[in-house]
Amino acid sequence: MANLPHKMPRKALFVHSICLLSLIPIIEGADPTFSYIECPDTTLSTTSTYAPNSTYQANLNTLFSVLSSNSNNASNGFYSFTAGRSPPNIAYGLFLCRGDVATAACRDCVEYATGDVIERCPWSKGATIWYDECMLRYSNASLDMAVSFVDGGGGVISKLQNVTNASRLHEVLGEVLRTLLYIDII
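Spelled out as structure tokens, the structure:
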């Protein structure tokens, strides 16, 4: 009986540990959180689509493969690549992961995005898809990092429900913008 008090705490600790571990959500392997997609209207123009088994599709497959494989190595969460040599069959693409996202989550997001964007924008020669964790963009036109707007419009993607203190966020953003304006004036 002298050993009984020592065995009970170990068993209780083990059971307690198992219970706690079961409360941890399994995030690994979860799909990224979709935010927005920008697809051109492929019914308006046949030049914005590609044919099955075309050179562009082969280049797009190469592009997505290279982007996915480099998403694990991109220490800054950004990578761009060009697949192909002759217009209009060149596939340009890039990904950008949110700055606070772990490398594994960035990789998972980019890998998921390369399949998801094809399902959401079938046969499109260009699209941009956003998730909470990353953004993927591809096109048959050069992505020279210029801001593009579809149909002269633009949009803001925000999710304030993820902000724990919205008033503090607005305060900090205001300070940053005032500082930037002040620096620009000087």
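Numbered by mature numbering (1 follows the signal peptide of the UniProt record, and there is no 0), the letters in the sequence shown go through residues -29 to -1, 1 to 157 in order.
Cβ atoms here follow ideal geometry from the backbone N, Cα and C, with glycine treated the same way.
Put simply, the region 102 to 111 touches the region 64 to 73. At least three CB pairs are less than 8 Å apart.
Taking the Cα of residue 76 as reference, the smallest distance to any Cα among 16, 57, 39 is reached at 39.
Counted as a single uninterrupted DSSP element, the stretch harbouring residue 45 is not any beta strand (DSSP E), since DSSP gives it neither H nor E. Closest in C-alpha terms to residue 41, from the list 152, 85, 97, 4, comes 85. By the 16-neighbour rule on beta-carbons within 10 angstroms, residue 79 is buried. Spatial neighbours of residue 2 in its own chain (CB-CB distance under 8 Å, excluding positions within 5 residues in sequence) are listed in chain order as 83. With respect to residue 60, residue 111 sits close: the two C-beta atoms are nearer than 9 Å. Secondary structure of residue 104 (DSSP, three-state): coil. Closest in C-alpha terms to residue 8, from the list 138, 21, 89, 72, comes 89. Within the same chain, and ignoring the five residues on either side of residue 28 in sequence, the residues whose Cβ sits closer than 8 Å to its Cβ are 21, 22. For residue 7, the enclosing beta strand (DSSP E) has its first and last residue at 5 to 9. With respect to residue 31, residue 62 sits close: the two C-beta atoms are nearer than 9 Å. Residue burial is scored here from C-beta neighbours: residue 34 has at least 16 other C-beta atoms within 10 angstroms and is therefore classed as buried. Per the C-alpha coordinates, the member of 14, 46, 50 positioned closest to residue 114 is 50. By the criterion of a C-beta distance shorter than 8 Å, residue 81 is surrounded in its chain by 38, 39, 42, 66, 68, 105, 107, once the five residues flanking it on both sides are discounted. According to the DSSP secondary-structure assignment, residue 35 is paired through a beta bridge with no residue.
Annotation: the continuous beta strand (DSSP E) that includes residue 64 extends over 62 to 68. In summary, residue 98 is buried, with 16 or more beta-carbon neighbours lying within 10 Å of its beta-carbon over all protein chains present.
Annotation for residue 87: 5, 100 place their beta carbon closer than 8 Å to its own, counting only its chain and skipping 5 residues before and after.
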